[in-house]
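To keep things clear, I will list the structure first and then write my remarks on it.
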Amino acid sequence: MRLLLSLVLATALGACAAPTAPDNPADQLEQARARWQQAGIASYRYTITRTCECTPEMTGPVTVEVRSGQVASQRYETGSAVDPQYADLFAPVPGLFDLIERAILLPAASVSVRYHQTLGYPESIAIDEVAGVVDDEVSYRVTGFAEVAN
């Protein structure tokens, strides 16, 4: 998938004067992924909140816990487990990177991401798939990130 992203972006940006500009979303994504992989964190917890025109079950906030790279739990602030039909909406860090990559490849009209400076995980994501279309925007906010013991 990363090779496909690189090839598509190289072709699409071929005419640009500075395809590796600091504000290039694809470059930022790859740099953030590299920081995340370098950190080597396999067990962690965070709270994720989605903002969209959707049902409360699809917005959270949800605490996601990952153990040894696998989702161990996804729970709403009430303590109830996330229904499996909504589980993909509250992804672990690699899933958030994939979400960003899909938006870049689409290409979405707007993709804005703030990454943690040291660890690289996305702290906030805002995607508007089609400019001028109402209710297609979605944003994510990650808070309370903490590494946990295996």
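This note's numbering applies: residue 248 is where the sequence shown begins, and numbers increase by one.
Just so it is clear, CB atoms sit at the ideal spot from N, CA and C, and this is done for glycine as well.
What you are looking at is a predicted structure, and each value in this text was computed from that prediction instead of being measured.
Exercise. So, using beta-carbon positions, are Asp-382 and Glu-304 closer together than 9 Å?
Worked result: The count along the sequence shown starts at 1 and reaches residue 382 at position 135. The count along the sequence shown starts at 1 and reaches residue 304 at position 57. 9 Å or more divides the Cβ of Asp-382 from the Cβ of Glu-304.
For this session: Kindly give me the distance between the Cβ atoms of Ala-294 and Val-318, rounded to whole angstroms, as I take these residues to be in contact under 8 Å.
Result: Indexing the sequence shown from 1 puts residue 294 at position 47. Indexing the sequence shown from 1 puts residue 318 at position 71. The sequence as given places Thr at residue 294; Ala does not occur at that position. Not quite, the Cβ-Cβ distance comes to about 14 Å (not below 8 Å), so this is no contact.
For this session: Flag this pair as touching only if the segment 349-357 and the segment 326-334 have three or more C-beta atom pairs under 8 Å; answer yes or no.
Result: Fewer than three pairs of CB atoms, one per stretch, sit closer than 8 Å, so the segment 349-357 makes no contact with the segment 326-334.
Problem set entry | Nonlocal neighbours in the same chain, by C-beta distance under 8 Å from Val-313, ignoring five residues either side | The residue labelled residue 313 in the question sits at position 66 within the sequence shown. So the qualifying residues of the chain are Ala-289, Ser-290, Tyr-291, Arg-292, Ala-319, Pro-339 and Val-340.
Exercise. Val-380 to Ile-347, Cα distance in whole Å?
Worked result: Locating residue 380 in the sequence shown gives position 133, counting from the first residue. Locating residue 347 in the sequence shown gives position 100, counting from the first residue. Each residue's alpha carbon lies about 19 Å from the other.
Exercise. Which residues bound the alpha helix (DSSP H) around Val-340?
Worked result: Reading the sequence shown from its first residue, position 93 is the one you call residue 340. Note, Val-340: alpha helix (DSSP H), 340-352.
Problem set entry | Integer Cβ distance of Pro-272 from Ile-372, believed to fall under 8 Å | Locating residue 272 in the sequence shown gives position 25, where the first residue counts as 1. Locating residue 372 in the sequence shown gives position 125, where the first residue counts as 1. The C-beta distance from Pro-272 to Ile-372 rounds to 11 Å, too long to meet the 8 Å contact threshold.
Exercise. Hey, Arg-282 and Val-385 are a contact pair by Cβ (cut 8 Å); roughly how many whole angstroms apart?
Worked result: By one-based count along the sequence shown, residue 282 stands at place 35. By one-based count along the sequence shown, residue 385 stands at place 138. Incorrect: roughly 24 Å between the Cβ atoms, too far for contact.
Problem set entry | Buried versus exposed call for Thr-306 [16 or more other C-beta atoms within 10 Å across all chains shown] | As a first step, residue 306 must be located in the sequence shown, where it is residue number 59. Result: buried.
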